Structure formats: structure tokens, C-alpha cells
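Chains as they are written, first to last, in numbering that gives the first Met the number 0: chain A, 0 to 344; chain B, 0 to 344; chain C, 0 to 344. Idealized CB from N, CA, C, for every residue including glycine. Computed from a predicted structure; not experimentally measured.
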Amino acid sequence: MNRSFRLADIVGRFGGELIGEGETLVAQVATLASAGSSDISFLSSGKYRHQLQDSRAAAVILGKADREATDKPRIVCDNPYVYFAKVSSFLNPAPQPGAGVHPNSVVEEGAQIASSASIGPFCCIEKGAKIGEHAVIGASCSIGQNVRIGSHVRLYAGVSIYHDCVVGNNCIIHSGAVIGADGFGIAMDEGKWLKIPQIGSVLIGSDVEIGANTTIDRGALDDTIIEDGVKIDNQVQVAHNVSIGAHTAIAGCTGIAGSTKIGRYCKIGGSGMILGHLSIVDHVDISAGTMITKSIDAPGAYTAIYPFAPHREWLKNTAHLRHLHELAEKVRRLEEEIESMGRKK
Amino acid sequence: MNRSFRLADIVGRFGGELIGEGETLVAQVATLASAGSSDISFLSSGKYRHQLQDSRAAAVILGKADREATDKPRIVCDNPYVYFAKVSSFLNPAPQPGAGVHPNSVVEEGAQIASSASIGPFCCIEKGAKIGEHAVIGASCSIGQNVRIGSHVRLYAGVSIYHDCVVGNNCIIHSGAVIGADGFGIAMDEGKWLKIPQIGSVLIGSDVEIGANTTIDRGALDDTIIEDGVKIDNQVQVAHNVSIGAHTAIAGCTGIAGSTKIGRYCKIGGSGMILGHLSIVDHVDISAGTMITKSIDAPGAYTAIYPFAPHREWLKNTAHLRHLHELAEKVRRLEEEIESMGRKK
Amino acid sequence: MNRSFRLADIVGRFGGELIGEGETLVAQVATLASAGSSDISFLSSGKYRHQLQDSRAAAVILGKADREATDKPRIVCDNPYVYFAKVSSFLNPAPQPGAGVHPNSVVEEGAQIASSASIGPFCCIEKGAKIGEHAVIGASCSIGQNVRIGSHVRLYAGVSIYHDCVVGNNCIIHSGAVIGADGFGIAMDEGKWLKIPQIGSVLIGSDVEIGANTTIDRGALDDTIIEDGVKIDNQVQVAHNVSIGAHTAIAGCTGIAGSTKIGRYCKIGGSGMILGHLSIVDHVDISAGTMITKSIDAPGAYTAIYPFAPHREWLKNTAHLRHLHELAEKVRRLEEEIESMGRKK
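Take a look at the structure:
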């Protein structure tokens, strides 16, 4: 069970306006619908306002417009979702395993592991690798030669990082992620594919989170670059020599092809794809399921979703797509005919 | 080599009508085309009827309509594919490794492992975890704190299950699957993404199969839920707080975004995507490659496939898509002109 | 630091015409933009010709048309990219770890490991498995019963290969790849999905490369087949009983559904999907993001990309897609009306 805190202490720590009993104790965050008497909840969207009345939450975090929407003890602030995130992080600190290398791990000669770092069982830390202070490496991770891992980094079980890659401070990498595998570089030579050695690396900045089973390939010649504060969801594929600008967020199942440069503060929806050798400026939002085939030189939202429909209706409409050119030609001819009919009169 | 069984024994066990020699021995299942003299084959689609004649199968499983389609010893039944599935399972029982924990694994204090369970090498079973009777855990699996794994569960090599997740009885989880990684919860705060702690869990019912490298994220506040009998293929991404109803099947490479609720007995084709915060009723079939952008409140089949074509033809037709609004306007104007021409007369 | 080689030695080894000082020493390959004084660079596309002048490369590989495009010591050849690939491979040989089985690995009785093979820590090589000469198996790989792995194969950390699969000579398999997991075979029986045992295997030819977190399922009855020289990128899903012809290349995030047969020398773009039970001839190019729904019986390029646009423009155009049939009908009626108006005159 989490430790409890007084509402007044929370406001003392994170700001906002306290309304109601400051002695109210909260131990955990919860949704309005599932909160119990020791939970603090939040209202970030009007859509859930009807849940306020029935909620059993001990206290609520609200925006200024909802200041009087409840009688409960409450914290009024500018951005309730952000406030809630801070409270949740405070109430749910990541558990910190004890420092040291598990005896069932292998640390090769010349690897340097900070004394405050924790290395789980069945890890292989190859020669020349460096693991920073307070880093936590889960079970069965593989850290290649000369990899550098910053301080306060957390790798969950089963992460593989190939040789020479760099992971900045405060990064989180989830299970099954593979950093630094060879990019897909091949050249056709007399009926066979020749492999292009991938001699670049992957440079990951600080405060980056990388989802489960995501893959980020090493560069062919230069490096693949993930700047500070980038957040990448699960099963994303980042090809060789891609560069992702700071604070860009990429949702799950997205593929980014080789040598594409994505700006800062972009938001890329899930299951999309961005072709290779493109350049996308800062502050671009790409809808889920959208394929980007050309560079984007203006901020804004971009979309390419083919609308779904009941199968029978889809069939009826889609058949015409294969004849859209003919349809457009037909309309052009009709225009001409009508114009000529008008003229004849 | 598999043990052989008399056709009569198989009919005794699984029902159906035996026609021909019941002493016929079969040891394995095979397709009509590749069957040898100790194999039993099946015909589930008229498409393969021409292969019956040349098949070297010792016996065949057939539907009632195909009762006389061959002279071979045969089993006539209602659903030959289901019958075949049962015979195949009977002839090919999953090998059951010996009980016990491999000496090269780590079991933390307070973890409980049933005496009939088998734990392969290089597994890490953290404190508070429980592994059920006859469970088989492959090599290099990571089982987090307080995880509960039911009886007769099979985890193949390299599965990662984060803390507090629950896996019901008779589940199969394939290599590289990651259960319970953090959902993709972030909030923008003064130019930086704040991480929203993901304090929910993943609850997986019984008789669920989860494919290789599939990821199922833990809930942000409440839990992610996979009900009984759900079958999930490889490389599927299930985001936080998704709920998947019993007996729904999801093909490979599909992404399901956060908080979406999918009904029971749905069939979701591969490489599709379902956006977040949607609700899909029972008995919905979604075609492969289809993106679902709105809730679905009626059973049936839904599709959104952009038709492929030779590249040159695609180019010609697709160019008009960017001007579809203008085309529709043009047609509207033509209608008006024609109407006015008609009126003038 | 790499060892240096004389330009004349490189031409002696790989052919081409040497222009300029043959004593020039090069130690590494690099792009024109980032090359330093010990690097050899290349020009394979006119797009980068402007970088030649400022490049600090010691020498350059050029095509015949660019023979005089620089004064630097240079190698003129037919295909600069292929030549560069060969030079890069020569300058960057894959490190070969020492032979032998790491003491922290488990090799079951009856497994055969060639004396020149190298097995990293925390591997589990099950009974009956065979590992060929000069094979290098990274940390935490799981090699199932009776798996056969050819000579000079390299498995990076965390590869799982299920029982009975075969990997030919000179293959490279990246981290997190799963070979031989069960195909997605289920049959509905009285409200529950029955599992169809997957008793086929995966047969992988020689000179195949398989990307990180790619999954290749075992066959249901017959085998899944990957022929010689096939190159598969990251996060590709190959379903049961697929057959991929020799020298076909498949980019990342692509899904290939069950029993589809793909020809030789095909190129399949990323994030696409190919439905099941199709047949695709040799020399077919499929664009990225394209879904193939029917068999393809003629070589050539095929595409199905829905064009992206600024969100507002997309909304305006896409709305008409749901009424394309009505639009086409409208045009048909207009044609009739105009024709009848013409006739009346």
C-alpha cells in the first residue's frame, strides 16, 4: 500500500489552489469512476463531469472552469492532467532495486559499471561498455561493446543494445527493444544482394522513452539520432540514419524509413509510415494510419486515412476508384458538350 | 515418429461416421498433396477436391457432401476442419518437459512455483510471483513481482511479463511477447513530456494465445483486459486500458490504441488499426488492412482497403483523389446547368 | 582504428580504374560530407555531386560519367555503390569472437556444436540441435530441439528458434527475431477456438538476413520456406506456410499472411501487407504501404497508397469517397440527359 499524504502537502509541493479540507489524506491516483476513499482523482475533460457526483474519490484535481463542479476537497490548477501526472509520479516512485551486479550476470573485462547501478541476472555487459550511476538494467539484457548508458537509465528485461550505441541520462527502454541492429542496406550485384556494412551507431539523447519491441537501427555510415525528450511507443521501427528532433512523440507500430529527418515537437500517430530520405519540419502532427510520401515544409496536421465502411458499401464505392480517371474525363466531356449546347443556342 | 492409431479408435474418440477399413493405421495428419501412407488428411474446401484422387493418404476426413468423393477409408463428419484439428491435437500432444526449476534460473524469495511446473534455464521469477501447476516456462523468461500465472500455461523462450500482471489457465504465450510494459501515457508540460505513471495491470483470462513479439501494455490507472478464449497473432500491439471480449481473434501486425473496448467473437484482420477510446460491439469482422476511426455499434463486416493497381494506373487514378471535392462540385454545377437548360425550353 | 590500405591495393583486389596517386592510404568508408583524410567515399547519385568539391575524403569511388568530376585520387567503376559495399566489407570485417561455448550457457545432451563455433553466455541449445562451423551465437539465444544451424551463421543476442527449424549457411539473424513460433491456426468449434497444431517447420536457405524482432512462423502441416539470398528487414511478420523466393527483399513492418507464395527477385516496400493464399510471380515490386489483395501474375510495380494531404484538405476530399457510387451514378444520368437533349433537337 502506498504511503498517504495530506492534500495540503501536495499543494505545498506542486502549487495550485486548495479548496476544502487540507487534512484530507490521499495515497493513490484513480479515475473518477474507480476511485476509493483514499484516492485523488482528476477531471481533465468535460466529458467526464457527470462522473464527479458519484465518485468516491477523497479529493479531485480540477481546472479553473470546473472550480465549483464538486463539493469535495479539491485542487484547482491550470492543467489538471499535468498536475495529476505530477501527483501520480510522486505517489508512485519507480522501485529502485539495490545496487550491484547480480552474480548470474557476465561483465566482461574493461566494462565500467557505476557503483550505484543495479544489474539484474543473466545480463551480458561486453568489454568497453559503461553503465551510469543509478542505472537499473533488468534481467537478460545484452549490452554490446563500448555501449555507453547514462545515469538513471532504466532498461527492462530483455533489451538488446548493439556495440557502440549511446543512451543518454534518464532514459527508459522497455522489454524487447533492439537498439543498433544493422540497417537494411543492400546492393544488387550480379543477381545477389551484397550487404552494406552498417558502421554508424545510434545516439539517443536524455529523457527518451522507447517502447517494448521497438527497433532503432544503427546508421550505415553516419549515426541514427534520437534527440532529447523523444517518446517512442511500442513496435516502432526507426531505420538507419533517421534523425528525430527533440520532444517528438511517436505512437505504436509506426515505421520510419531510412535517412528521414523529423523535426522537433512533432506528433506521429500509430500504424503510420514515413518514407525514406524525407524532411519534416518542427511541429507537424501526422494522423494515425497515415503514410507520408513527400517532405513536409509547413507545420500543421496531415492525414491520409481511407474511410472504413460496412463491407458492402465499401465494395460499391471502391470499385469506382479504379476508374476515377475515366470518371473525371467523362465529366470534362460533359462540360464541353454543355458548353457547346449553350453556344449553339 | 508418432505412435499409430486405428481409424476405428479415432472415430470412437471423436465421433463421425467411419466408412471403409477401421483397422487402417494413421500416425500423423498431412495435406492431401503431401500425405504419405501413414497419414490422415482432410478435405474442408471443394477447391482441393481434385487432390483427393492422387493423394497417398491412408485415410481422409470429409464433410457429408463429399462422402463418396473417394474410395479411401474415411471419416464423414459435420465440420472436417474442426475434426482434423482435434485429431491433430491428439496425434501431436505438446511435449511436456520434466517438472522442476532449472538450476540456472533465479527464483526470488517469496515466489511460489507449483511442484508440477517446469522452469527452463535463465529465467528470473521475481518475489511474490506464482506459477501454476503444469505450467511450462521456456528459457530466458522474465516474470515480474507478484505476477500470477495459471495452470497449464506455456511460455516459450524470451517472454517478459512485468509486475502484477495475471495470466489465466491454459494460456500460450510465444517468444518475445511483452506483457505489461508501460502504456504510452505522456502529458506536455512547458515544452517537455511528463510521463504518466502506468499503475494499472494486465489481466489475461483463460485459454488465451498470444503470438510472438506481441505487446500488451499495462493500464494507466485501471487494467488492460483480455478475456477468455481470445487469440492474438504475432506483432500485435494492444495499448493501455484496451479491453478485448471473449473469443475475439486478432491477426498479425494489428494495432489497437488506448482505452478501446472490443466486443466478443470479433475477427480482426491483419495489419489493421483501431483508434483509441472506441467501442466495438460483439460479432464485428474487420477486414485486413482496415483502419477503424469510429465506434461500431452493429455486427457485420467493415472494410477500408485502398485497391492496389499497377503503379502507372494507380498514379493516373490517384491524382484525382486530391481533387475529388472539385469534381463533385463540377458535377453539381453541371446538374444545375442542365436543369436550367431544361427549364428554358 | 581500422588498418589502412593503399588505393592501388584496393583496385588490385576489386578492379576498376585507378586515377591519381595509388599510394593514397584509406582506412574507412564515409559519406562525402563526413569523410576525413583517411576515408574513401563514393558518389552513386548525381544528387550529391555538389558535395564532391568540399569533401575531405582521401579518395572517391565514381561511375564512368563522373570520371572527371573531381581531382582527388579516385576509382572509376561500373557501379560505385556496389564497389563501395565491397570496400566497406573489406575494411569492416565482422568481429569473430573466439570459438567455444560460454560456461554460462546450457547445451543439452545430444546437441552438436562445431568446434569453431562461438556460443555466447545464457544460451540454451536443446537436444538434437546442430550448430555449424564458425557460427556465432550471441547472448541469450534459445535454440530448440533438432534445430540445424549452418556454417558461418551469426545470431545476435536474444534470437529464439523453435524446434526443428533449419537455418542455412551464412545467414544473419538479428536480435529479437523469432523463428518457428506457431502459425495462427484456429478453428471455431461450438463457441470456442480450437488450436490447430502447427507441425510444419521453417526452412531458411543460405545467405538470408533476418531483421530485428521479425517473426517467421512454422508451417501448419507443410513448412514455411525462405529461399537463398532473401533479405528481410525488421519487424516483418511471415505467417505459416508462406514461401519466399530467392533474392527477394522485404522492407520493415510488412506482414505476409498464410500460405502466400512470393516469387524470386521481388522487392516489397515497408509497412505493406500481402493477404493469404496468394501467388506473386518473380520480379514484382510492391510499393511501401501497399496492401496486396489478389495474386499478381505479371512482373512490374504495384501500388496502393492513399495520398496524404493537410488535414483540412483531406477532410474535404475524403468525404466524397463514401459517396463515390452516387457521384458515378449522377454522372451517368447527366450523360443520358445530355444525350436525350441532343436527340430532341
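Judged by pairs of C-beta atoms under 8 Å, the segment 281 to 297 of chain B touches the segment 291 to 310 of chain A, as three or more such pairs exist. Look at the beta carbons and you see the segment 172 to 180 of chain A not touching the segment 186 to 206 of chain C: under three pairs across the two are nearer than 8 Å. Taking a beta-carbon distance threshold of 9 Å, K191/C counts as an interface residue toward chain B. Taking the beta carbon of I337/A as reference, the chain B residues within 8 Å of it are L333, E336, I337, M340, listed in sequence order.
Within the segment 147 to 158 of chain C, those residues whose Cβ lies closer than 8 Å to any Cβ of chain A are, in chain order, Y155, A156, G157. Excluding the 5 residues flanking it on each side, S115/A has same chain C-beta neighbours closer than 7 Å at A98, E132, H133, in chain order.
Among the residues of chain C, those whose CB is under 7 Å from the CB of F307/B are T289, M290, I291, T292, Y301, T302, A303, following chain order.
Closest in C-alpha terms to L42/A, from the list S36/A, G62/A, G271/A, R55/A, comes G62/A. Here I267/B is not near S242/B, since their CB atoms are 9 Å or more apart.
Taking a C-beta cut-off of 7 Å against chain B, the contacting residues of the segment 230 to 262 of chain C are Q234, Q236, A238, G254, A256, listed in chain order. Annotation: S286/C is outside any beta strand (DSSP E) and is labelled neither H nor E by DSSP. When Cβ-Cβ separations below 9 Å define contact, C123/B makes contact with chain A.
Bridge pairing for I172/B: L154/B, I209/B [DSSP]. Counted as a single uninterrupted DSSP element, the alpha helix (DSSP H) harbouring D8/A occupies residues 6 to 13. DSSP, read as helix, strand or coil, puts K126/A in coil. Checking the DSSP bridge columns, you'll see I261/A partnered with I243/A, I279/A. Here DSSP, grouped into helix, strand and coil, assigns S141/A to strand. Within the segment 115 to 141 of chain C, the residues whose Cβ lies closer than 8 Å to any Cβ of chain A are, in chain order, G119, P120, F121, G137, A138, S139. Leaving aside the five residues that flank R48/C on each side, the residues in its chain whose CB is nearer than 8 Å to its CB run, in chain order, L42, D65, A68. By the rule that beta-carbons nearer than 9 Å mark a contact, I195/B touches chain A. DSSP places K293/A in the coil class of the three-state scheme, outside both helix and strand. By the rule that beta-carbons nearer than 9 Å mark a contact, I171/B touches chain C. Taking 8 Å as the Cβ-Cβ cut-off, the segment 44 to 59 of chain C has no residue approaching chain A. Against chain B, a Cβ distance below 8 Å from K266/C picks out nothing, because the smallest value is about 12 Å.
Per the DSSP secondary-structure output, F41/A pairs in a beta bridge with I60/A.
In this structure, G262/B is the residue among M272/B, G288/B, G262/B, A287/B with its C-alpha nearest to the C-alpha of I279/B.
Interface with chain A (9 Å Cβ-Cβ cutoff): G99/B is excluded. Note on P94/C: under 16 other CB atoms within 10 angstroms of its CB, so exposed under the neighbour-count rule. A contact is defined here as three or more CB-CB pairs under 8 Å, and the segment 158 to 171 of chain A fails this definition with respect to the segment 226 to 239 of chain C.
Between the segment 117 to 133 of chain B and the segment 117 to 133 of chain A there are three or more inter-stretch CB-CB distances shorter than 8 Å, so the stretches are counted as touching. Close CB contacts of D206/C within its chain, under the 6 Å cut and outside five residues either way in sequence, are with N169, D227, G228 (chain order).
Inclusion of S3/A and L31/A in the CB contact set at 9 Å is not warranted, their separation being larger than that value. Scanning the segment 73 to 133 of chain A from its first residue to its last, the whole alpha helix (DSSP H) runs of 4-plus residues come out as 79 to 90. Per DSSP, the beta bridge partners of T302/A are A308/C.
The beta carbon of S286/B falls within 9 Å of a beta carbon belonging to chain A, placing the residue at that interface.
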